[in-house]
Amino acid sequence: MATSSALGGWLHRVTDSDVWWSFKSSPMTVTAAAVTFFIVAVAFLSPVLAPHTPFDPATLSLSDGLKPPVLVSDDGDWTFPLGTDDQGRDVLSSIMYGTRLSLEVGLASVIFAMVLGIALGLVSGYFGGTVDAVIMRVADVQLTFPAILVALLIDGVVRGLISVQRHDEIALFVIVGAIGLSFWVSYARTVRGSVMVEKNKEYVQAARVIGLSPVLIMIRHVLPNVTGPVLVIATLNLGLAIITEATLSFLGVGLPSTEPSLGTLIRLGNELLQSGEWWITVFPGITLAALVLGVNLLGDWLRDALNPKLR
Amino acid sequence: MVTTSNNPPLLEVKNLRVEFPTRRGTLLAVDDVSFDIAPGEVLGVVGESGAGKSLTGNAIIGLLEPPGRIAAGEIRLEGRRIDNLPYEEMRKVRGARIGAIFQDPLTSLNPLYSVGRQLVETIQTHLPLSGSEARKRALDLLKEVGIPGAESRIDHYPHQFSGGMRQRVVIALALCAGPRLIVADEPTTALDVSIQAQIIALLKRLCREHSTAVMLVTHDMGVIAETADRVAVMYAGRIVEIGPVRDVVKHAKHPYTKGLMGSIPSLGVRHDRLTQIDGAMPRLTEIPAGCAFNPRCTERGQRCLVERPELMSAGASRAACWLHDRGGVGAPVARELVDA
Amino acid sequence: MPDAPVAVGSANQFVRIAGLKRYFDVSAPWLVRTLENRPRQIVQAVDGIDIEIAKGETFSLVGESGCGKSTVARLVVGLYAPTAGSIEFDGNDMAARHSRSDMAALRRRMQMIFQDPFASLNPRWRVFDIIAEPIRAFGLSSGKADLEKRVGELLRQVKLTPADGRKYPHEFSGGQRQRISIARALASEPEFLVCDEPTSALDVSVQAQILNLMVDLQRRLQLTYLFISHNLAVVYHISTRVGVMYLGRLVEVAPTDTLFRRPKHPYTRMLLDTIPDLDMTGRQRAPVAGEVPSPINPPSGCTFHPRCPFANERCRIERPQALPIEGGTVACHAIEEGRLPIEERSYAAGG
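Protein sequences appear in the order of chains Z, V and P.
Per the numbering used here, the first sequence starts with residue 617, numbered consecutively.
Per the numbering used here, the second sequence starts with residue 2, numbered consecutively.
Per the numbering used here, the third sequence starts with residue 783, numbered consecutively.
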């Protein structure tokens, strides 16, 4: 009972806030949010919603291969609404599962980058001195490489170190790690800047007067006050992470073909593009674009909505 | 200096209202404020944070930040209305006829240009002087405001001056086009105590010499007591008392002013407790009906709760308080306050 | 947990500061210095301070910005470590190696109130947690119910209500936040409070409320205050003794009445001259020439000599020592040599 009224109270505070009002008053943001949430919902419910199971070889038959989408095909058969690829896999179902995988990788790598970046930013900003100098130089060096290259590098190193089958098993973790490691810098820098401002504020000094340890002060006092901009970066990074994963998969160094993400699907379809079977590449491409665009627009809105409050 | 028909006021503010439309409704920050400033007079506008004094000053200079806007009333400078001028016209008024001094000398000066260049630019914008004439005028002004070594310092940048020196430059900048009125918003608050005294003395002297009137907006009663001829006390967007400075400071007629003067520790007698006004100034969204001060007033009566008092005659000053009306305040009503 | 045995000083020297110094190295980074051949730059923020505070008294430290008074406050409370000198609290040397529990026991007995009511409370914490933090940190409560009782009592002591504990700092005005700060400082049941300009950021009428509150609390809880301020009128009102600082040094220390009626050091006299004349006696403020020099390159000898009308050759070369006089001390060659007569001042209300 108490929790439901607390929840109701929180909900009321949210809907009453300036942030919610700015959300409602921007049609583009509402549309972007709707599209994004639709895609995300469908993707995560794919085991339930998908009409076929495209990656279970037992359900496939080559006779279904290369069927065009229903609206341009001659037979009007809705079994495979968006057509099939050369193996007989349903494009629509592939997109659903693929989007889920892309989202999983995207979210996981963003969370990984966020945790790593926040931790390093906190330490760097609070302790300053040599620790700060070392961490920031590492960050600077890493920034000279494009994220894709860093991810490629890490991925390549891992491939070189372990056998191909083992690699396929842990490919997911390698990709998440690689993308995450290429993104932590922006979190660290932002957090470091905020920490340097907050640590001189008097509420931090009051905590020091009480005699609390630096770690406790960092986590309990400083951390809650520096996470605002992190949220915005994370949202914008999500789109970037998804694209990066797609690029890596497109280049063939991402996830294996047995668990294709949107990027892998685009790659697989790309090879068939020349022979006129456009639907295998185009539909995953549209989905990827819509998802990333929606996430980016949401991130833009969030940055602007949180800004006047931060001011 | 008293305004008479032979000596028309330099600045007339009539029924000024400044509003802020927000999504929760319109906030009234300056509520029906009227006062005059005679030529060469120093009018102090004093009040605590949120009283609306800075906004009044900004409205007069034409620098209200949107969404704030003048919702009603008139502002006349030398008889001509300036509150409804288009941006370009107001820009000419600002600087040439009204000068401004703000609180923070650091941000009032452009850090990228030398002091001399900023002065010359302002002078040439408003006066038909050649480059060398303008520079000479700038140099004279810098000497007048007491910058040592003005010949060489005229080409220095703002960061090469100390806080007090910078504020002197700001004063020079405000005076350079020969305005008739200066609006000074907390000109000494950001300065050290010993520098404050210097700057106040400088401002007084210069304005007397140039016959410039000053509207001095501040929360510091001490500065007012030493500098102003008349003072207006603001509370919750309204003027509650206005009169000659000696009368308002030593014989305040409005309960708020009395409380305010009593709260200030002075060196005369060492009291055990300072007079305190219980409660706090109401937020703009919660201004009480009737007299805005009534919830905190120890002398309130029935009338104070419902009727809003206008400024009325009280000795040599005017106070917005029913205590000075023949009808009185009505039956006394006790306060129901929790401490601020 | 029983307190580990700690020394107890005499009542007259409840807090004893001797030869306190704090220098800050503000040099450019090593690489820049080497490439551009620049010297090291040291700011002598606090340059040898001796203060004794008796139990129950209010000792005020006044001076303009840059004089080091805020640094002294932070040194006393342990936010900075001294470059030299000692701080003794109730007979215990704060810099000596104490065990963790001893140190915590000492820290518990002194707390600090800060200047900025907006930055001194964590905006993400509820008021209850802000006030409860010292109680929790020092293990002073016996459980949740006891904690709530203590916090409620503290809020009532500063004229707020226990229900205010559920709110966030931004829901309060400046004056109310300063009360919350005071409640937090009192939570560990301290004996000594360091107050760093606690009313400077407040409106005049709110300042009066807070000052009255602090005086009441001092009487009721037998607190000792070290009060930092630049406002001489406030200092006159609440202090037992006053110390005047200039560029990191104490130029004069005296009981309040003595300092204001018979100021000795030329800087003290100058400061008193800058107090505005609210009683409208017509007393002219006498503005003094010059500005406070940069603390990176302080003048030699007596640091006040460039602005002092009574400076002689000795003042340029030799740093004056603190001489005991009339219940206090003054560091001035002119006084020592008898060149500067001490006059009586009155501030009686005129006309």
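Backbone N, C-alpha and C define an ideal beta-carbon position, used for all residues, glycine too.
Check, Outcome
"Residue 1125(P) versus residue 1036(P) - alpha carbon distance", "15 Å"
"Where residue 1094(P) sits in the DSSP three-state scheme", "coil"
"With 16 other Cβ atoms within 10 Å as the buried cut-off, status of residue 1021(P)", "buried"
"Where residue 51(V) falls: helix, strand or coil (DSSP)", "coil"
"Partner residues on chain P for residue 905(Z), Cβ-Cβ distance less than 7 Å", "By Cβ distance, chain P contributes nothing, its closest Cβ being about 38 Å from residue 905(Z), past 7 Å."
"Coarse secondary structure for residue 763(P), derived from DSSP in three states", "Because chain P spans 783 through 1133 in this model, residue 763(P) falls outside it and cannot be assessed."
"Check: residue 879(Z) C-beta below 8 Å from any heavy atom of the ligand ZN", "This structure lacks the ligand ZN, and indeed carries no ligand of any kind."
"Inter-stretch contact (C-beta, 8 Å, three-pair minimum) for the region 822-840 of chain P and the region 801-811 of chain P", "yes"
"Residue 864(P) versus residue 823(P) - alpha carbon distance", "18 Å"
"Residue 218(V) versus residue 295(V): straight-line alpha-carbon distance, rounded", "25 Å"
"Sheet register partners of residue 810(P) (DSSP bridge)", "DSSP output for residue 810(P) lists no bridge partner at all."
"Cβ neighbour criterion (16 or more within 10 Å) applied to residue 785(P)", "Confidence in residue 785(P) is poor, its pLDDT being 39 and thus under 50, which makes the residue's placement unreliable; the coordinate value appears in the next sentence. It counts as exposed."
"Distance CB(residue 1103(P))-CB(residue 1116(P)) smaller than 9 Å", "no"
"Chain Z within 9 Å of residue 920(P), Cβ atoms only", "yes"
"Run of the alpha helix (DSSP H) containing residue 1028(P), from where it starts to where it stops", "First-last for residue 1028(P): 1023-1028, but that is the beta strand (DSSP E), not the alpha helix (DSSP H)."
"Partners in chain P for residue 161(V), counting only beta-carbon separations shorter than 8 Å", "Residues of chain P passing the Cβ test: none, with the nearest at roughly 12 Å."
"Beta-carbon spacing of residue 912(P), residue 957(P) below 9 Å", "no"
"Under 8 Å by beta carbon: chain V residues contacting residue 1056(P)", "194, 195, 197, 198"
"CB contact check: residue 1018(P) to chain V, cutoff 9 Å", "yes"
"Length of the line joining the Cα atoms of residue 88(V) and residue 129(V)", "21 Å"
"Residue 1007(P) - partner residues in DSSP beta bridges", "840(P), 975(P)"
"Limits of the alpha helix (DSSP H) - the one that residue 236(V) falls within", "Here residue 236(V) belongs to no alpha helix (DSSP H); instead the beta strand (DSSP E) covers 231-236."
"In DSSP terms, what residue 167(V) is bridged to", "Note: residue 167(V) sits in no beta bridge, so no partner."
"Three-state class that DSSP yields for residue 190(V) in the structure shown", "coil"
"Extent of the continuous beta strand (DSSP E) to which residue 313(V) belongs", "313-315"
"Integer-rounded CB distance, given that residue 825(P) should sit under 8 Å from residue 1077(P)", "5 Å"
"Residues of the region 810-828 of chain Z with Cβ closer than 7 Å to any Cβ of chain P, in chain order", "817, 818, 819, 821, 822, 824, 825, 826, 827, 828"
"Close-in-space but distant-in-sequence residues of the same chain around residue 848(Z) (CB under 7 Å, 5 per side omitted)", "915, 918, 919, 922"
"Range of the contiguous beta strand (DSSP E) that encloses residue 242(V)", "239-245"
"Rounded C-alpha distance that separates residue 55(V) from residue 1048(P)", "37 Å"
"Nearest candidate by alpha-carbon position, reference residue 947(P), set 907(P), 1052(P), 994(P), 844(P)", "907(P)"
"Cβ-based neighbour list, residue 1023(P), same chain, cut-off 6 Å, excluding 5 preceding and 5 following", "841, 1037"
"Beta-carbon proximity list for residue 997(P), same chain, < 7 Å, skipping 5 on both sides", "1020"
"Short Cβ contact (9 Å threshold) for residue 982(P) with residue 897(P)", "yes"
"C-beta atoms of residue 53(V) and residue 237(V) nearer than 9 Å", "yes"
"Bridge partner(s) assigned by DSSP for residue 805(P)", "826(P)"
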